[in-house]
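Residue numbers 67 to 139, in my numbering, belong to the letters of the sequence shown in order. Beta carbons are placed, not taken as given, at the ideal position from N, Cα and C, and that holds for glycine. Structure, as structure tokens:
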Amino acid sequence: MSFRAINQKYLEPGSQILMVLGIIALCQPWNLLLHRYGVTIILIGLIGFNITSKIAPEEKAGTGQTGNPGAQH
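Laid out in structure tokens, this is it:
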């Protein structure tokens with residue numbers, strides 16, 4: 067499994083989940099530590115998503131195209 071496949075399968079969704087968990091941590095009223103670091107968790111997820119979304123998906127075998135068919139001209 068290549069880095070691009072790992073990025074597309076694990077890292078990009080993981081950063082999205084981290085952003086959602088940061089929002090949940092920020093909005094919950096029970097744990098002050100989670101509330102205090104909620105914005106930091108959101109920012110880490112946002113930076114991770116910005117980095118992982120710039121990596122092009124793996125090319126399909128034999129076609130020379132990436133996994134985004136909507137970008138054809």
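- Out of Val-86, Ser-68 and Met-67, the CA that lies nearest to the CA of Phe-115 is found in Val-86.
- Between Leu-77 and Thr-106, the C-beta gap is not smaller than 9 Å, which leaves the two residues out of contact.
- With respect to the C-alpha of Leu-84, the residue from Glu-124, Leu-112 and Pro-123 having the closest C-alpha is Leu-112.
- Around the beta carbon of Ala-91, a 10 Å sphere encloses 16 or more other beta carbons of the protein chains shown; the residue is thus reported as buried.
- Assignment of Lys-75 by DSSP, reduced to helix, strand and coil, places it in the helix class.
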